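Take a look at the structure set out below.
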């Protein structure tokens, strides 16, 4: 399908604004234009010298910086590692199990997983069309109304970045919790009980380790990443077999599939049942993480979206099957929920497999979650780098720098890692506050995806890539937005009654804070310098005789082409 040229979002960004705002925007854009001309003149690239992926990137206004090392296996492994299926289910099983018992966990994962998968497919479709390290934030340049691109990109970008930081921070904290749970299990849960200081200390050590590993070159990261999928699937399969083989007392199918045990205090019981949706929604998120390494993937317009679709499909079905196994083997809910480390799955491992087996699978879950944290920091660092390329963040020139030895954004890596540690320091003073920040992850990320999805549906500017949903695109997009709206309501509700200051869900306060920050920062500073995703490359169609090879439309070999046009 022939693509239509799409104008740079920097053009006509002042349309529809009042005179004062227009003058400010024109002044800001004029100040940037002089430097933009220098950047464009210094980054003229000839189409015939580029492979398809690099040429497509140049068409979208950027030059290739990273080495494209990620293959099919490593890209799929990266996409799968983001969810951390085995570890994520192990740490979030408490929410559906506490809300409605085994049946809530089973049915809610299946239903919620479908809604999440619709979001994943919608994201994959956009990633295929616009594969850059900016992820869904960048797509606003092409999908939103031209005169609103800066504002919409700004909001989408900050939601995505804050969601990624909160998600990575929660993953690092979860790594520490699982490791210390294994230590507590070694004492039969009767001796050692982790303190907040110990948890935060171990978290900081893990974060430093993951930051150091992410400071390596892309080739090293690719080799580490592709080992994950083999380890993860092996652990998941062996754990399910061990639980089913060694569990002496399994719940009946009637109990597992039809009995709702309301441990939340909410009435009616059906409302309590809905809290079971949280497990899948927290596990199946950060769908566009793979998009943020698109500039390190070979043929990203194909591999990135297919990896997202396949990995999230595996997470949905694999997570459901693992949840069913846990539900059958969960034992007495009162006993399972009341353990020293607040990890019911660790208690299930201990009760069914024994202390040694329980320690092994708890440590394995910690290992899996370490991979998730690794990929989260890699994706987050690429996000900071991409935003800095568009000069969206303070000190963008610093975070945009690429280390000469590794060809990776080391400064961005350590900025992201530092942000994770600083957020988790809140856990020293209040676990309630840190839990609210973790709860913000899925809300912020999912709405950062819904913004471009809504723009895609409303404004009809989307030009599809190799991966597309065909006639199913619109209904899947609609359900993705509807599901996100519905589950957001559940996210902000307290999961236990009676509501006390200790169990109150303060995420709604943080949502308001994020909105105030994004809007306030925009009016205070952003609107004076930020004009949306920028043009850092000028693509020309090459020398005579190369036009056909570069898919030229027949212009002169010296003729410059709109760098954001899509061939």
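Residue numbers (the UniProt record's numbering): 1 to 567.
Beta carbons are placed, not taken as given, at the ideal position from N, Cα and C, and that holds for glycine.
The structure presented is a predicted model; accordingly, all values stated were derived computationally and were not measured.
Assignment of beta-bridge partners to residue 70 by DSSP yields 297. Measuring C-alpha to C-alpha distances from residue 313 to each of 59, 204, 261 and 110 identifies 110 as the nearest. Remark: three or more beta-carbon pairs, one from each stretch, lie closer than 8 Å, so the stretch 324-332 and the stretch 239-253 are flagged as touching. In chain order, 341, 343, 346 and 362 place their CB closer than 6 Å to the CB of residue 181, counting only its own chain and leaving out the 5 sequence neighbours on each side. CA-CA distance, residue 317 to residue 255, rounds to 21 Å.
In the structure shown, residue 406 falls within a coil segment according to DSSP collapsed to helix, strand and coil.
C-alpha of residue 384 to C-alpha of residue 127: approximately 18 Å in a straight line. C-alpha of residue 519 to C-alpha of residue 448: approximately 15 Å in a straight line. Taking each of 177, 243 and 297 in turn and checking the Cα distance to residue 226, the smallest one comes out for 297. If you compare the alpha carbons of 49, 105, 72 and 425 with that of residue 259, the shortest gap goes to 105. Here residue 440 really is in contact with residue 166; their C-beta atoms are around 5 Å apart, less than 8 Å. In this structure residue 287 does not touch residue 302 by the C-beta definition: roughly 17 Å separates them, more than the 8 Å allowed.
Put simply, the backbone Cα of residue 294 is about 47 Å away from that of residue 191.
Using a 10 angstroms sphere on the CB of residue 339, the tally of other CB atoms reaches 16 or more, which defines it as buried. In the three-state reduction of the DSSP assignment, residue 332 falls in the coil class, being assigned neither a helical nor a strand state. Taking all protein chains shown into account, residue 229 has 16 or more neighbouring C-beta atoms within 10 Å of its C-beta and is therefore buried.
With 16 or more other CB atoms across the displayed protein chains lying within 10 angstroms of its CB, residue 409 is buried. For residue 151, the uninterrupted alpha helix (DSSP H) run begins and ends at 149-186, by DSSP. Classified as buried, residue 146 has 16 or more neighbouring CB atoms from the shown chains inside 10 Å of its CB. With a contact defined as Cβ atoms closer than 8 Å, residue 85 and residue 232 qualify at about 7 Å. Within the same chain, Cβ atoms closer than 6 Å to the Cβ of residue 504 are found at 494, the five residues on either side in sequence being excluded. Residue 429 is classed as exposed because its beta carbon has fewer than 16 other beta carbons within 10 Å across all chains shown.
By the neighbour-count definition (other C-beta atoms within 10 Å, threshold 16), residue 177 is a buried residue.
By the criterion of at least three beta-carbon pairs nearer than 8 Å, the stretch 81-95 is in contact with the stretch 364-376. Judged by pairs of C-beta atoms under 8 Å, the stretch 475-482 does not touch the stretch 197-204, as fewer than three such pairs exist. Of the candidates 465, 392 and 508, the residue whose Cα lies closest to the Cα of residue 444 is 508.
For a cut-off of 8 Å, the C-beta gap from residue 320 to residue 115 is around 13 Å, too long to register as a contact. Annotated three-state conformation of residue 350 is helix, per DSSP. Sequence-distant partners of residue 510 (beyond 5 residues in either direction) whose C-beta falls short of 7 Å from its own C-beta, in its chain, are 436, 437 and 440. Excluding sequence positions up to five before and after residue 400, its CB lies within less than 7 Å of the CB of 385, 388 and 389, all in the same chain and listed in chain order.
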